DNA sequence: ACCTGAACACCGTTCAAGT
DNA sequence: ACCTGAACACCGTTCAAGT
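Chains as they are written, first to last, in this note's numbering: chain A, 216 to 389; chain B, 216 to 389.
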């Protein structure tokens, strides 16, 4: 006797993203998600293989959301501030995306704009090297900030600007 | 009737570090630690408040081990390669230390050598800014490497060297 | 064809009882 | 004074039974 589904993969991922932000990754339990979409935990396994697969779907959805929010810019400042603003609003999503929980395909696709920027700043021969320098610095900085690693005082905003300025000039100087 | 302890906090932390590296943070269960030190899980609570406190002790022990392994160097290349080599040998410890699981005191103490390097490269006025640029880049790079984020081909070793070279010249140019 | 309750193996944690 | 078994509340996951 066929019955229509009472939930959907979209509703599950959407509810999961909200739970992730409000309760962190440990709070993203199958039971919490099930309750949010109005179903019992075992029913989720009709739509998703297991919790790990769900976490990957959430990470990929967050990565796509990030890509849509980043300004189409040609300068490091715009990209850096865009990423930092997105991370400040969705810290748990940021952590998930940059902790390697996403799929390799989505991670590669999301990094294309940075390679373009790397080409602009570093030149054709060092496009990838420059993109990796930029990405490592900006994701490292934001991760440290979210982890509360800046304990030695000083102006964190100024340190971010300092990084943007020094990296821009370092990459332009061929 | 007093009885001597059958284990110790040192044995617990030491066993925990080995379990962390071999089975990851999810594998670091109270039961696994208890078995490793020859005791039942409830006994661990005589030595540690709860699992979170144990994880913090492990992170701090790893951070101290890292500080002891870093070369006392005045150049970025030595520091960067030293950190990367340590991370390659103890990837789970590296992740734990730089994910904010450690205590703030140990994190601050461990970052002192980088501030010294920042002063050498960036000058007195920008010692902290330079230290944060360096730390953000090198930890970001290694985190990406461990997360398998370098999927676009190219030479990762060369990208690391490129970062060292560009950062060194960017910071020296006052 | 999907949803459910019941069940299983695992967690972290508490606590009265043993020595 | 430390260790233990038993217990509790919680996980993820499976599966036969319902509709």
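Ideal Cβ placement from N, Cα and C applies to all residues, glycine included. Since we're looking at a predicted model, the values are computed, not measured.
Contacts that residue i makes with chain A (C-beta to C-beta distance below 8 Å)
i	result
residue 344 of chain B	369, 373, 374, 377, 378
residue 352 of chain B	348, 351, 352, 355
residue 362 of chain B	313, 314, 315
residue 296 of chain B	Correct list: empty, because the minimum Cβ distance to chain A is about 15 Å.
residue 231 of chain B	Within chain A, no residue comes near residue 231 of chain B; the closest Cβ sits about 19 Å away, beyond 8 Å.
Span separating the alpha-carbon of residue i from that of residue j
i	j	result
residue 224 of chain A	residue 232 of chain A	12 Å
residue 377 of chain B	residue 331 of chain A	18 Å
residue 273 of chain B	residue 218 of chain A	51 Å
residue 243 of chain B	residue 338 of chain B	43 Å
residue 355 of chain A	residue 266 of chain B	27 Å
residue 253 of chain B	residue 235 of chain B	17 Å
residue 361 of chain A	residue 308 of chain A	12 Å
residue 271 of chain A	residue 262 of chain A	14 Å
residue 241 of chain A	residue 284 of chain A	26 Å
residue 346 of chain B	residue 303 of chain A	22 Å
residue 374 of chain B	residue 300 of chain B	16 Å
residue 328 of chain B	residue 287 of chain B	8 Å
residue 333 of chain B	residue 357 of chain B	19 Å
residue 275 of chain A	residue 322 of chain A	8 Å
residue 294 of chain B	residue 365 of chain B	22 Å
residue 248 of chain A	residue 258 of chain A	11 Å
7 Å Cβ cut-off: residues of chain A touching residue i
i	result
residue 366 of chain B	319, 322, 323
residue 271 of chain B	Within 7 Å Cβ-Cβ: nothing; residue 271 of chain B doesn't reach chain A, min ~13 Å.
residue 293 of chain B	Those within 7 Å of residue 293 of chain B in chain A number zero; the least Cβ separation is about 18 Å.
residue 278 of chain B	What residue 278 of chain B touches in chain A: nothing, since even the nearest Cβ is about 11 Å away.
Rounded Cβ spacing between residue i and residue j (contact assumed at less than 8 Å)
i	j	result
residue 278 of chain A	residue 317 of chain A	5 Å
residue 256 of chain B	residue 230 of chain B	Wrong, their Cβ atoms sit about 13 Å apart, outside the cutoff.
residue 367 of chain B	residue 343 of chain A	6 Å
residue 282 of chain B	residue 325 of chain B	5 Å
residue 298 of chain B	residue 336 of chain B	Contact doesn't hold; Cβ gap of about 16 Å is too wide.
Neighbouring residues, chain B, relative to residue i (Cβ below 9 Å)
i	result
residue 274 of chain A	Correct list: empty, because the minimum Cβ distance to chain B is about 11 Å.
residue 326 of chain A	364, 366, 367
residue 308 of chain A	Chain B residues near residue 308 of chain A: none, gap ~15 Å exceeds 9 Å.
residue 330 of chain A	367
residue 358 of chain A	313, 314, 315, 351, 354, 355, 358
Local conformation of residue i per DSSP, three classes
i	result
residue 335 of chain B	helix
residue 362 of chain B	coil
residue 286 of chain B	coil
residue 265 of chain B	coil
residue 271 of chain A	helix
residue 313 of chain B	coil
residue 378 of chain B	helix
residue 221 of chain B	coil
residue 235 of chain B	helix
residue 370 of chain A	coil
residue 244 of chain A	coil
residue 318 of chain B	coil
Amino acids of chain A, ordered along the chain, whose beta-carbon sits closer than 9 Å to that of residue i
i	result
residue 382 of chain B	348, 352, 381, 382, 385
Beta-carbon neighbours of residue i, restricted to chain B and to distances below 7 Å
i	result
residue 341 of chain A	377
Exercise for the section: With 7 Å as the C-beta to C-beta threshold (strictly closer), list the residues of the stretch 238-249 of chain A near chain B in chain order. Expected result: none
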